[in-house]
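Let me begin by presenting the structure, written as structure tokens, before commenting on it.
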Amino acid sequence: MGDDAAWREQQREAALERRAALERREAAEAGAARELVAAFLARVAAGGPPPVALRARGYDGRDYRTALTGWYVRRDRSAAVAADGRFYVLSAPGGLAARLRGVRPQPSDPPLVLGAGGRDGDSVPLEVALQRVLDGEV
Numbered sequence: 010m011g012d013d014a015a016w017r018e019q020q021r022e023a024a025l026e027r028r029a030a031l032e033r034r035e036a037a038e039a040g041a042a043r044e045l046v047a048a049f050l051a052r053v054a055a056g057g058p059p060p061v062a063l064r065a066r067g068y069d070g071r072d073y074r075t076a077l078t079g080w081y082v083r084r085d086r087s088a089a090v091a092a093d094g095r096f097y098v099l100s101a102p103g104g105l106a107a108r109l110r111g112v113r114p115q116p117s118d119p120p121l122v123l124g125a126g127g128r129d130g131d132s133v134p135l136e137v138a139l140q141r142v143l144d145g146e147v
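Take 10 as the starting number for the sequence shown in my numbering and just add one per residue.
Laid out in structure tokens, this is it:
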């Protein structure tokens with residue numbers, strides 16, 4: 010019985026260490042992505058494209074207004090950097106209230122790769138996506 014308890018404790022500690030390592034890696038990636046966004050904002054302020062009113066795509070396929078302005082970083086307009094430097098995934102539940110009042114997407118940590126883990130061709134490094142915005146390609 011003692012061996013089973015020791016093994017379980019060892020497995021629990023290993024799982025906690027893997028989780029801590031994942032959290033450290035995600036924090037480092039988010040920090041690097043925030044630096045890319047800050048550099049992008051500096052370049053935009055020096056004469057880049059002006060921000061536009063951002064809209065969120067509802068789960069029902071409709072577009073809903075938001076109070077945000079910024080730059081879409083994906084061609085399908087599913088993600089954006091707001092003028093305040095925050096990153097948003099622009100999806101919303103939708104519905105009648107959303108049509109009347111608009112939606113309020115919540116900011117999230119920016120990823121270093123947009124669409125990572127998606128279908129082939131759907132992922133793009135954040136740095137490339139931000140350059141596309143500066144080049145007028147999005």
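Where is the CB? At the ideal position from N, CA and C, for every residue including glycine.
#1: Taking the alpha carbon of D85 as the point to measure from, which residue in S100, F49 and E26 has its own alpha carbon closest?
#2: When we look at the beta-carbon of V142 and count the other beta-carbons within 10 Å, is it buried (16 or more) or exposed?
#3: Quick one: is W16 buried, meaning 16 or more other Cβ sit within 10 Å of its Cβ, or exposed?
#4: First and last residue of the beta strand (DSSP E) that includes G67?
#5: I'd like the span of the alpha helix (DSSP H) that includes R108, first residue to last.
#6: Can at least three beta-carbon pairs, one atom from the region 102 to 111 and one from the region 19 to 30, be found at a separation below 8 Å?
#7: A41 to A138, Cα distance in whole Å?
#8: Would you decide whether R21 is buried or exposed? Buried here means 16 or more other CB atoms lie within 10 Å of its CB.
#9: Closest to G70 by CA distance: which of L123, S87, A37 and A55 is it?
#10: Thinking T75 and P114 are a contact (beta carbons under 8 Å), I'd like their distance in whole angstroms, please.
#11: Which residue or residues does DSSP assign as beta-bridge partners of S87?
#12: Between which two residues does the beta strand (DSSP E) carrying A76 extend?
#13: DSSP on V147, reduced to helix/strand/coil?
#14: Within 10 angstroms of its Cβ, does L31 collect 16 or more other Cβ (buried), or is it exposed?
In terms of the structure at hand:
#1: If we check each option's Cα against that of D85, S100 comes out closest.
#2: By the 10 Å Cβ count, V142 comes out buried.
#3: Exposed, because fewer than 16 other Cβ atoms sit within 10 Å of the Cβ of W16.
#4: In the DSSP assignment, G67 falls within the unbroken beta strand (DSSP E) covering V61 to G67.
#5: Segment L105 to R110, the alpha helix (DSSP H) holding R108.
#6: Result no; under three Cβ-Cβ pairs closer than 8 Å.
#7: Going by the C-alpha atoms only, they are around 15 Å apart.
#8: Its Cβ having fewer than 16 others within 10 Å, R21 is exposed.
#9: With distances taken between CA atoms, G70 lies nearest to S87 out of L123, S87, A37 and A55.
#10: Under the criterion of beta carbons closer than 8 Å, T75 and P114 qualify as touching, at roughly 6 Å.
#11: None; S87 has no bridge partner.
#12: DSSP places A76 inside the beta strand (DSSP E), whose first and last residues are D72 to Y81.
#13: DSSP, read as helix, strand or coil, puts V147 in coil.
#14: Per the 10 Å Cβ criterion, exposed.
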